[in-house]
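In the working numbering, the protein residues as written are 44 to 315. Structure record follows, encoded as structure tokens.
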Ligand code: DGL
């Protein structure tokens, strides 16, 4: 009997926050994750390069018969999901975008803060999302250059990290937002610092569970049958295998394997 196979990827470790939620929703699915750490951070790269990396990684998953692909990265979703869908029309993709709509629904004072990468904030897709919110909502955007890279480097609790998070949060605190959206999957791993910097009256929201539920809905619609036992979690990185292993051991409460996959290059799709 074949199990559902789900491919997930991010510029690095950030998408593990999505993988964790998908695992809770679909414990019997085989999860294949690519951390593109050799090319992280995506948020400070030109769009064309991000799109090329997304195409190459998608090809890796297609060759491994993934039933569903989760783009577990806001930056990659904004830059590339339209191209991915056009290039691989038979593959169901799930993207990740900052949860503005739920934040607007939950906010009491109508002031929302968004922490995200520069590339996400500058993208047309995200601009359209902001424009679609009701006029009564005041959305404060804060790009956090260097934050994803610092999380990728792994020292999550040193003084530099707390300072950097404080610097990212200060304008949002001054603006009086009562709800903050984590618009980058990496930021989940410093949520404790963000909550401390924003204060207890501010609610911090992420999209991991919503993405996991959407993945479950799409997976349920595929024709493959599911077995009643734990799926394998296979983590691959284009960067340092040991760093990924250490990060995953801290944050993933279920068995997983970690391997290095080289830089991954394209054999199938044409890159510009
Ligand atoms: N984790 C990615 C996101 O959700 C971005 C981090 C990066 O800049 O690579 O946007």
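We put the beta carbon where it would ideally sit given N, CA and C, even for glycine. These figures come from a predicted structure and were not determined experimentally.
TODO: Kindly identify the DSSP beta-bridge partner or partners of residue 52.
DONE: 77, 114
Open item on the list: Tell me the residue span of the alpha helix (DSSP H) that contains residue 258.
Closed with: 251 to 263
Task: Close Cβ partners of residue 162 (< 6 Å) along its chain, the five nearest in sequence each way excluded - done: 86, 118
TODO: Check the DSSP bridge columns for residue 129 and list the partner residues they point to.
DONE: Bridge partners of residue 129: none, in fact.
Task: residue 142 beta carbon near the ligand DGL (any heavy atom closer than 7 Å) - done: no
TODO: Find out if the Cβ-Cβ distance for the pair residue 59, residue 291 is shorter than 8 Å.
DONE: yes
TODO: Would you mind giving the Cβ-Cβ distance between residue 121 and residue 52, rounded to the nearest angstrom? I have them listed as a contact below 8 Å.
DONE: With a Cβ gap of about 15 Å, residue 121 and residue 52 do not count as contacting.
Task: residue 299 (DSSP reduced to helix, strand or coil) - done: coil
Open item on the list: Can you tell me whether residue 104 is buried or exposed? The criterion is at least 16 other CB atoms within 10 Å of its CB, across all chains shown.
Closed with: buried
Task: Exposed unless 16 or more other CB atoms sit within 10 angstroms - verdict on residue 198 - done: exposed
Task: Range of the contiguous beta strand (DSSP E) that encloses residue 178 - done: No beta strand (DSSP E) contains residue 178, which DSSP labels as neither H nor E.
Task: Rounded separation between residue 200 and residue 236 - CA only - done: 9 Å
Open item on the list: I'd like to check one pair, residue 81 with residue 281: are the Cβ atoms closer than 8 Å?
Closed with: yes
TODO: Return the bridge partner residues of residue 246 from the DSSP annotation.
DONE: 222
Open item on the list: In whole angstroms, give me the CA-to-CA distance for residue 298 and residue 180.
Closed with: 43 Å
Task: residue 255 beta carbon near the ligand DGL (any heavy atom closer than 7 Å) - done: no
Open item on the list: Mapping the DSSP letters down to three states, classify residue 139 as helix, strand or coil.
Closed with: coil
- [ ] Output the distance between the C-alpha atoms of residue 195 and residue 231, rounded to the nearest integer angstrom.
- [x] 12 Å
Open item on the list: By the DSSP assignment, the beta strand (DSSP E) with residue 205 in it spans what residues?
Closed with: Not the beta strand (DSSP E): residue 205 falls in the alpha helix (DSSP H), residues 202 to 217.
Task: Which residues DSSP lists as bridging residue 155, in chain order - done: 182, 222
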